[in-house]
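Novice: This is the structure, below, for whatever I ask next.
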Amino acid sequence: MKKILLCALVISLTYLSSQTTMAQTVFEKQTVSDLNKTPNYVFGVSDEDGLKGALSMYDILLENGVQVENFEVVVKGPVVKTMVNGSELEAYFDKYKGKVRISICSIAMKRLGVTKDQLFSGLDVVETYTIRILQLQALGYNSMQY
Numbered sequence: 000m001k002k003i004l005l006c007a008l009v010i011s012l013t014y015l016s017s018q019t020t021m022a023q024t025v026f027e028k029q030t031v032s033d034l035n036k037t038p039n040y041v042f043g044v045s046d047e048d049g050l051k052g053a054l055s056m057y058d059i060l061l062e063n064g065v066q067v068e069n070f071e072v073v074v075k076g077p078v079v080k081t082m083v084n085g086s087e088l089e090a091y092f093d094k095y096k097g098k099v100r101i102s103i104c105s106i107a108m109k110r111l112g113v114t115k116d117q118l119f120s121g122l123d124v125v126e127t128y129t130i131r132i133l134q135l136q137a138l139g140y141n142s143m144q145y
């Protein structure tokens with residue numbers, strides 16, 4: 000009897016958590032309308048989870064019919080060291096080439112000993128993380144930091 004109850008509980012929790020996860024990616028009509036007023040986005044990230052989260056948000060926006068004119072991820076911190084030729088992130092980023100701009104902080108590169116030649120293609124090097132985020136905010140971009 001305990002096994003049946005435990006099994007039912009696990010199945011119920013699994014079902015409920017999957018419904019919640021799916022529901023989180025469906026925007027209300029008003030949300031889409033509001034987001035369409037400013038179709039430019041910048042996400043600041045410093046780790047791999049943040050980078051993947053920002054790229055996932057790009058997909059979610061498009062899936063919900065949000066108009067995206069410009070989408071940029073500005074990267075600093077330890078993840079810069081993993082954004083080199085032949086890395087796992089290079090293959091992951093392939094899907095977004097030509098759609099999403101990824102900017103890498105030159106100061107982070109210097110601190111981590113990464114040269115521009117080591118970076119995989121499709122990445123842009125910027126002066127600093129902070130200056131790039133501020134620049135895009137001044138241009139009216141919606142901004143978020145992970």
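Per numbering that gives the first Met the number 0, residue 0 is the first one in the sequence shown, and the count goes up by one each step. From the three backbone atoms N, C-alpha and C, an ideal C-beta is built for every residue, glycine too.
1. Thinking C-alpha only, which one of Phe42, Asn63, Gly112 is nearest Glu27?
2. With a cut-off of 8 angstroms, do at least 3 Cβ pairs link the stretch 73-81 to the stretch 96-109?
3. Please tell me whether, using a cut-off of 8 angstroms, the distance from the CB of Asn69 to the nearest non-hydrogen atom of the ligand NAD is below it.
4. Counting C-beta neighbours from all protein chains within 10 Å, is the total for Tyr91 16 or more, i.e. buried, or is it exposed?
5. Out of curiosity, what's the CA-to-CA distance linking Asp33 and Asn141?
6. Quick check: Tyr40 and Val67, are their CB atoms within less than 9 angstroms of each other?
7. DSSP on Ser45, reduced to helix/strand/coil?
8. In chain order, what residues of the same chain have a beta carbon less than 7 angstroms from the beta carbon of Ala53, not counting five sequence neighbours either side?
9. If you follow the beta strand (DSSP E) that Met143 is in, where does it begin and where does it stop?
Specialist: Put simply:
1. Relative to Glu27, the option among Phe42, Asn63, Gly112 whose CA is nearest is Asn63.
2. Contact between the stretch 73-81 and the stretch 96-109 is present: three or more C-beta pairs spanning the two stretches fall below 8 angstroms.
3. Although the ligand NAD was asked about, the structure shown includes no ligands whatsoever.
4. Burial check for Tyr91: the Cβ neighbour count within 10 Å stays below 16, so the residue is exposed.
5. Spanning the alpha carbons of Asp33 and Asn141 requires a straight line of approximately 12 angstroms.
6. Inclusion of Tyr40 and Val67 in the CB contact set at 9 angstroms is warranted, their separation being smaller than that value.
7. In this structure, Ser45 counts as coil in the three-state DSSP scheme.
8. Closer than 7 angstroms at Cβ, skipping near neighbours: Phe42, Val44, Val72, Tyr145.
9. Taken as a continuous stretch (DSSP letters only), the beta strand (DSSP E) holding Met143 covers 141-144.
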